[in-house]
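Just so it is clear: in the sequence shown, position 54 is 53 by numbering that gives the first Met the number 0, and no numbers are missing.
Think of the CB as a built atom: it goes at the ideal place given N, C-alpha and C, for glycine as much as any other residue.
Predicted model, so just to flag it, every value in this text is computed and none were measured.
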Amino acid sequence: MAGIEDFSRAVVKAADAYQTTGSRTAAECVFGLLDAAARQKTLTGEMGTGQASYVQGWNLGAWSVAYLKVRGSGAATTEQARNIVGWLKKLAGENRGYYEDKRRKRRPNDSDNNHVYWAGFAIAAAGIANDDRKLFDWGMDAYRLGVSYIQPDGTLPLEMERGQKALHYHLYALAPLIMLAEFGETNGISLYAERDYAIKQLIIRCCLGLQDPSFFQQRTGIPQDTDPKIQAWQISWAQPYTRRFPDESIAKLLGQAERLNYTMLGGLPPP
């Protein structure tokens, strides 16, 4: 994993540099790195395990969002852009295939929990990069699936089964769902309103858990595995969310994070 993770961090760092400074050199760096990976067909082909498919999807999301951040810069050659989007589309199709295959097997499985929400985020981002409606819609459906599982108390049943990591996985499920909702809203689909804004119940439960994990401890009977400080992956989703739905308590949690750039979400959230 180390080489792939280092590569993704480099790509995302350059994309964030372009987003924050407008540096053409940073954009050229993103295109150069992604083009090299595309030429090598990085992470394409048969994935030997479920974990390998997760890694494929997580990095696809990072690369696709990084590409989207710089695609309007004009710094890519026609050949670079063609290579990159074609490679992202191939990765998206392969990753989608993994979950489609799992849906033909006994359920629930990882085509129903946080893994498919992350896949939906990655595949929708690749769909936007390729102007591919089928890939984009698959991501929108992953959001709807996740929202369909939200209980009145804001919990997700499959994530609640994770024992000491129940809170961890609720937060881990929330991040890609919010990003999918943002993709939808930007493209004229009112995803936040699904099931009478059910996503807000999950948000409330997660934010309360960040402040006090006792609810999850009581429900699972196990002390929760928590971080001493709020991490980017736990809260960076709140930046676009609170811009759309101002909330002082969520903004306060956002302000407690040491940083907001999480690689697998493509780096910094939208400004």
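Q: Report the three-state DSSP secondary structure of Y171 (helix, strand or coil).
A: In the sequence shown, the residue the question calls residue 171 occupies position 172. Residue state, collapsed to three classes: helix.
Q. Alpha helix (DSSP H) containing A61: first to last residue?
A. Mapped onto the sequence shown, residue 61 falls at position 62. Where A61 is concerned, the enclosing alpha helix (DSSP H) stretches over G49 to V69.
Q: Would you mind working out which of L201, M159 and Q150 sits nearest P175, comparing C-alpha positions?
A: As a position in the sequence shown, residue 175 is number 176, starting the count at 1. Residue L201 is the option with its Cα nearest to P175.
Q.
On the DSSP bridge list, what partners appear for G266?
A. Locating residue 266 in the sequence shown gives position 267, where the first residue counts as 1. Per DSSP, Y261.
Q: State the CB to CB distance for the pair H169 and C206, rounded to an integer number of angstroms; the pair is presumed to be in contact (CB under 8 Å).
A: The residue you call residue 169 lines up with position 170 of the sequence shown. The residue you call residue 206 lines up with position 207 of the sequence shown. Not really, about 10 Å apart at Cβ, beyond 8 Å.
Q.
Please state the DSSP three-state secondary structure of K104.
A. Position 105 of the sequence shown, counted from the start, is the residue given in the question as residue 104. Correct three-state label for K104: coil.
**Q.** Cβ distance (whole Å) where V69 is taken to contact F30 below 8 Å
**A.** By 1-based counting over the sequence shown, the position of residue 69 is 70. By 1-based counting over the sequence shown, the position of residue 30 is 31. That belief holds up - the Cβ atoms of V69 and F30 are roughly 7 Å apart, short of 8 Å.
Q: Evaluate contact between the stretch 242-250 and the stretch 214-225, counting only Cβ atoms and requiring at least three cross-stretch pairs below 8 Å.
A: Short answer: they don't touch.
Q | Stretch pair the stretch 219-231 + the stretch 154-172: three plus CB contacts closer than 8 Å | A | The stretch 219-231 makes contact with the stretch 154-172, as at least three CB pairs between them are under 8 Å.
Q | Of the residues A128, W62, S22 and P107, the one placed nearest T41, counting alpha carbons only | A | Position 42 of the sequence shown holds residue 41. Of the candidates A128, W62, S22 and P107, the one whose C-alpha sits nearest the C-alpha of T41 is W62.
Q | Buried or exposed by the 16-neighbour rule on C-beta atoms within 10 Å, applied to S110 | A | Locating residue 110 in the sequence shown gives position 111, counting from the first residue. For S110, the number of other beta carbons within 10 angstroms of its own is at least 16, and it is reported as buried.
**Q.** R95 classed as buried or exposed, judged by whether at least 16 other C-beta atoms fall within 10 angstroms
**A.** The residue given as residue 95 occupies position 96 in the sequence shown. R95 counts as buried, since at least 16 other C-beta atoms from the protein chains shown sit within 10 angstroms of its C-beta.
Q.
Going residue by residue through the stretch 216-254, where are the continuous alpha helix (DSSP H) segments of at least 4 residues, counting only ones entirely within it?
A. Positions of the alpha helix (DSSP H) runs, each at least 4 residues long and wholly inside the stretch 216-254, are given as 231-234 and 237-243 in order along the chain.
Q) So, Q79 versus D131, is the Cβ gap smaller than 7 Å? A) Numbered from its first residue, the sequence shown carries residue 79 at position 80. Numbered from its first residue, the sequence shown carries residue 131 at position 132. Between Q79 and D131, the C-beta gap is not smaller than 7 Å, which leaves the two residues out of contact.
Q) Nearest CA to the CA of A91: which residue from Q150, K133 and G2? A) Position 92 of the sequence shown, counted from the first residue, corresponds to residue 91. Answer by Cα proximity: K133.
Q: Confirm, please, whether the CB-CB distance from W86 to I177 is below 7 Å.
A: Position 178 of the sequence shown, counted from the first residue, corresponds to residue 177. Position 87 of the sequence shown, counted from the first residue, corresponds to residue 86. Remark: C-beta atoms of I177 and W86 do not approach each other more closely than 7 Å.
Q) What span of residues does the alpha helix (DSSP H) with S7 cover, start to end? A) By 1-based counting over the sequence shown, the position of residue 7 is 8. Here the alpha helix (DSSP H) through S7 covers A1 to T20.
Q: Tell me whether L155 sits in a helix, a strand or coil according to DSSP, three-state version.
A: By one-based count along the sequence shown, residue 155 stands at place 156. DSSP, read as helix, strand or coil, puts L155 in coil.
Q. Cα-Cα, which of R143, T43, T154 and I229 is closest to Y191?
A. Counting from 1 along the sequence shown, the entry for residue 191 is found at position 192. With distances taken between Cα atoms, Y191 lies closest to R143.
Q: For the alpha helix (DSSP H) containing D140, list its first residue and its last residue.
A: Position 141 of the sequence shown, counted from the first residue, corresponds to residue 140. That run of the alpha helix (DSSP H) goes R132 to S147.
Q: Closer than 6 Å by C-beta to A180: which residues in its own chain qualify, once you throw out the five before and the five after it? Chain order, please.
A: Locating residue 180 in the sequence shown gives position 181, counting from the first residue. The answer, listed in chain order, is L190 and Y191.
Q) Three-state secondary structure (DSSP) at T41? A) Here residue 41 corresponds to residue number 42 of the sequence shown, with the count starting at 1. T41 falls in the coil class under three-state DSSP.
(Q) Here's the rule: buried if 16 or more other CB atoms are within 10 angstroms of the residue's CB, otherwise exposed. What is A51? (A) Taking the first residue of the sequence shown as position 1, residue 51 is located at position 52. With a 10 Å radius around the Cβ and a threshold of 16 neighbouring Cβ atoms, A51 comes out exposed.
Q. Does the beta carbon of Q216 sit closer than 7 Å to a beta carbon anywhere in chain B?
A. Looking at the structure shown, chain B is missing, and only one protein chain is on hand.
Q: Could you tell me how far apart the beta carbons of V54 and G265 are, in whole angstroms, since I believe they sit closer than 8 Å?
A: Indexing the sequence shown from 1 puts residue 54 at position 55. Indexing the sequence shown from 1 puts residue 265 at position 266. So it is not a contact: roughly 16 Å between Cβ atoms.
(Q) For D195 and L67, I'd like the C-alpha separation in whole angstroms. (A) The sequence position of residue 195 within the sequence shown is 196, counting from 1. The sequence position of residue 67 within the sequence shown is 68, counting from 1. If I take the Cα positions, the gap works out to 30 Å.
Q: Quick one: residues in its chain with C-beta nearer than 8 Å to the C-beta of T43, no 5 flanking neighbours on either side, listed in chain order?
A: Taking the sequence shown and counting its residues from 1, the one referred to as residue 43 is at position 44. Non-local beta-carbon contacts of T43 in its own chain, meaning distances under 8 Å to residues more than five positions away in sequence, involve W86, K89, L90 and E93 in chain order.
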